[in-house]
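These notes concern the structure reproduced below.
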Amino acid sequence: MNHPLSRRAFLQHAAGISAGIGLNILPLRADSAKTFELSPKPGRAQLVPEQYGDTAVWCFNGQVPGPELRVKQGDRVRIKVHNELDEATTVHWHGIRVPNSMDGVPYLTQTPVNRGQQFVYEFDALDAGTFWYHPHQQSSIQVGRGLYGALIVEEPTPYPADRDLTWVLDDWRLARSAEIVDDFGHRHDLSHSGRIGNTVTINGKLQETFDVHAGERVRLRLINAANARIFALRFGGHDPKIIAMDGHPVTPHSPENNRIVIGPAMRVDLVLDMSANPDERHTITDDYYPNRAYALTDLVYSNSSVRDRPPDLKIELPPNPLAEPELNAGIHHEIAFEGGAMGSMGGAMMDGAWQDIRTMAHDGKFWAINGVAATGHIMDPMLTLERDRTYILTLKNRTVWPHPIHLHGHSFRVLSRNGEPTTFREWRDTVLLEREDQVKIAFVADNPGDWMFHCHILEHQASGMMGVMRVV
Ligand SMILES: [Cu+2]
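Dropping the structure here:
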């Protein structure tokens, strides 16, 4: 007993097993994927305190945000999307490096899913981190009405924190009745800063307080699911450390000026030690827009303490398997973002013909990338990239508005901002260009297909600031 089987005997033994229950083995393997079901549909949500009424929303599985999907790095993930909206939709897995056909871009990567139809998305979770999902069809309206959710890919070993929390941030434009103001596509929003709302929610609720315990360590995953609002959070008296940006690990560091800036679609993972005393109360504020600062929520400390000092544990995350750009061999391109109110753009190419800005505006288009205003998801690629080569793109914001620029299918390193090298060369899938900024990014074009490259202020995307990069 216990002597090793010869290789041949082992193979025969294994063959015997699979011959015996062979019919079961294949389905079992096929079902090793983590499977989820999502139904986008109309619903009602209690966004604001009950006395103000509830809100008609569109949401996944009847909840805002949609269910938090949690898988482990390396898992096969399968999501069956059954559309119960009155219009077509898709789901895009923001930041996940999926095969092109799973990217959820209507017409470009798939036929939109009509009412009553199903589409099955399937991909491997290559990278651990904080990601999210949302429609790419009429996104300004569909995301704006509440269609979004978190997709968390856990590291192989559990992260050493007392709590692992996700805050999906959103802002809503609500009327006094608490209903969503139905003015999507308003020209002022399109041509200025996008659809900024008047009510900010955390996980679908206006949260005045958040309960914490002195001494506890929280991993806080922040996701900006707003159409247009940029957040700049200050954690009053606390010293949060940024450990990941857009899902990917970064050298743990305190935020610049103690202010965590998160543009639409961007994510930040924090380690937040509750370093104040029991029974204290500390306000988290958002002061991104000058003169429009407000209190996001209050950290309310319980009357007891879980430990006296922060745990002495490594907070750095293990790296993700991303291809490192070869900067010396990189191919350079410039990409210019133009247009918007108070801009100098005279016109742009639209559907293959040059149009002056007045004609563009008449058609609800206000923005362009490299002189082209998108009118839909299907367009000639602005760049065709050779597979597995490094590309260094200089993104030039020639407008007076900020733009969070998102590339599908890849993550990139942010090399410099206005000529200054970035401290951490962070990986991102969405980079915020402040007005007139020039930002250099680099990545290996290792995922073949046609990929969207667009502003994630969804009103800017809808009014022209969108393009396609082709990797061949
Ligand atoms: Cu923009």
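Under my numbering, residues 2 to 473 are what the sequence shown spells out, in order. Even for Gly, the Cβ is constructed at its ideal location relative to N, Cα and C.
Based on Cα-Cα distance, which residue from L170, G186 and T200 lies nearest to A176?
Taking the sequence shown and counting its residues from 1, one reaches residue 176 at position 175. Answer by Cα proximity: T200.
Just confirm the distance between the C-beta atoms of T286 and G237, as a whole number of angstroms; I'd bet it's less than 8 Å.
Your numbering for residue 286 matches position 285 in the sequence shown. Your numbering for residue 237 matches position 236 in the sequence shown. Contact holds; Cβ gap of about 7 Å.
With distances taken from CA atoms, which of N101, V262 and L273 is nearest P253?
Within the sequence shown, numbered from 1, the residue matching residue 253 stands at position 252. Comparing Cα positions, the closest option is L273.
Mind listing which residues have their beta carbon within less than 6 Å of any non-hydrogen atom of ligand 1? Chain order is fine.
My final list is H404, C456, I458, H461 and M466.
In chain order, what residues of the same chain lie with their CB nearer than 8 Å to the CB of L148, ignoring the 5 residues before and after it?
Taking the first residue of the sequence shown as 1, we reach residue 148 at position 147. Answer for L148: P41, W59, C60, F61, G67, T90, H135 and P136, listed in chain order.
Quick one: Cα of H1 to Cα of I316, how far?
Nothing about residue 1 can be read from this structure; the chain reaches only from 2 to 473.
When DSSP builds the beta bridges, which residues end up paired with A179?
As a first step, residue 179 must be located in the sequence shown, where it is residue number 178. Looking at the DSSP assignment, A179 forms no beta bridge with any residue, so it has no partner.
Ignore the nearest five residues each way along the sequence and tell me which others in N304's own chain have a CB closer than 7 Å to its CB.
Translated into the one-based positions of the sequence shown, residue 304 becomes position 303. P279 and D280.
Does DSSP put L109 in a helix, a strand or coil?
Here residue 109 refers to the residue found at position 108 when the sequence shown is read from its first residue. Looking at L109 - three-state DSSP - the assignment turns out to be coil, as it is neither helix nor strand.
Is there contact here, the stretch 286-295 with the stretch 209-229, by at least three beta-carbon pairs under 8 Å?
Because the criterion of three Cβ pairs below 8 Å is not met, the stretch 286-295 and the stretch 209-229 do not touch.
The beta strand (DSSP E) with R310 in it runs from where to where?
Within the sequence shown, residue 310 is the residue found at index 309, counting from 1. Looking at the DSSP string, R310 is not in any beta strand (DSSP E), and its letter there is neither H nor E.
Starting from G198, follow the beta strand (DSSP E) in both directions and report where the run begins and ends.
In the sequence shown, the residue the question calls residue 198 occupies position 197. From DSSP, G198 is part of no beta strand (DSSP E); its letter is neither H nor E.
Could you name the residues of the same chain whose beta carbon sits closer than 8 Å to that of V251, not counting the 5 residues immediately before and after it, in chain order?
Residue mapping note: residue 251 aligns to position 250 of the sequence shown, counting from 1. Excluding positions up to five away in sequence, the list reads I243, I244, A245, F425, E427 and W428.
Just the C-alpha distance for G468 and E460, rounded to the nearest angstrom, thanks.
On the sequence shown, position 467 is the one that residue 468 refers to. On the sequence shown, position 459 is the one that residue 460 refers to. Their backbone Cα atoms lie some 15 Å apart in a straight line.
Can you name, in chain order, every residue of its own chain whose Cβ lies under 6 Å from the Cβ of F454, other than the five neighbours on each side?
Indexing the sequence shown from 1 puts residue 454 at position 453. Hits under 6 Å: L408, G468 and M470.
Report the residue ranges of all alpha helix (DSSP H) runs contained in full by the stretch 358-426; include only those spanning at least 4 residues, in chain order.
Listed in chain order, they are 358-363.
Using the Cα positions of L166 and D299, report the straight-line distance between them to the nearest angstrom.
For the purposes of this step, residue 166 is taken as residue 165 along the sequence shown, with counting starting at 1. For the purposes of this step, residue 299 is taken as residue 298 along the sequence shown, with counting starting at 1. When rounded, the distance between both Cα atoms is 16 Å.
In chain order, which continuous runs of the beta strand (DSSP E) of length 3 or greater are located wholly inside the stretch 47-125?
Here the runs fully enclosed are 56-61, 70-73, 77-83, 93-95 and 119-125.
Threshold first: 3 residues or longer. Then list the beta strand (DSSP E) segments lying entirely within the stretch 140-169, N to C.
Segments of the beta strand (DSSP E) lying fully in the stretch 140-169: 150-155.
Quick one: what's I224 bridged to in DSSP?
The residue given as residue 224 occupies position 223 in the sequence shown. Per DSSP, V169 and R268.
With DSSP as the reference, label L207 as helix, strand or coil.
Indexing the sequence shown from 1 puts residue 207 at position 206. Here L207 sits in coil by DSSP.
State buried or exposed for D184, treating a residue as buried only when at least 16 other CB atoms are found within 10 Å of its CB.
Numbered from 1 along the sequence shown, position 183 holds the residue referred to as residue 184. Its Cβ having fewer than 16 others within 10 Å, D184 is exposed.
Residues in its own chain within less than 6 Å of L152 by CB, not counting five upstream and five downstream?
The residue given as residue 152 occupies position 151 in the sequence shown. Excluding residues within five positions, the ones whose Cβ falls inside 6 Å are L70, F132, W133 and Y134.
May I ask which residues mark the beginning and end of the beta strand (DSSP E) holding H333?
As a position in the sequence shown, residue 333 is number 332, starting the count at 1. Its beta strand (DSSP E) spans residues I332 to G340.
So if DSSP puts H461 in a beta bridge, which residue, or which two residues, is it bridged to?
The count along the sequence shown starts at 1 and reaches residue 461 at position 460. Looking at the DSSP assignment, H461 forms no beta bridge with any residue, so it has no partner.
How would you label T158, buried or exposed, when you count the other beta carbons within 10 angstroms and need 16 or more for buried?
Looking up residue 158 in the sequence shown gives position 157. Exposed is the call here.
Just mark D309 as buried or exposed, buried being the case when its beta carbon has 16 or more other beta carbons within 10 Å.
Along the sequence shown, one-based indexing puts residue 309 at 308. Label assigned to D309: exposed.
For Q439 and L396, which I take to be in contact (beta-carbon distance under 8 Å), what is that distance rounded to the nearest angstrom?
Numbered from 1 along the sequence shown, position 438 holds the residue referred to as residue 439. Numbered from 1 along the sequence shown, position 395 holds the residue referred to as residue 396. Indeed they touch by this definition, with Cβ atoms about 7 Å apart.
DSSP three-state call for N292: helix, strand or coil?
For this step, residue 292 is matched to residue 291 along the sequence shown. N292: coil per DSSP, three-state reduction.
Excluding the five sequence neighbours on either side, which residues of its own chain have a C-beta within less than 6 Å of the C-beta of Q356, listed in chain order?
On the sequence shown, residue 356 is found 355 positions in, with the first residue counted as 1. The residues are G348.
Measuring CB to CB, does A337 end up less than 8 Å from M351?
Here the question's residue 337 lines up with position 336 in the sequence shown. Here the question's residue 351 lines up with position 350 in the sequence shown. Cβ distance not < 8 Å, so A337 and M351 don't count as in contact.
Have a look at the DSSP bridge pairing and note the partners of P41.
By one-based count along the sequence shown, residue 41 stands at place 40. F61.
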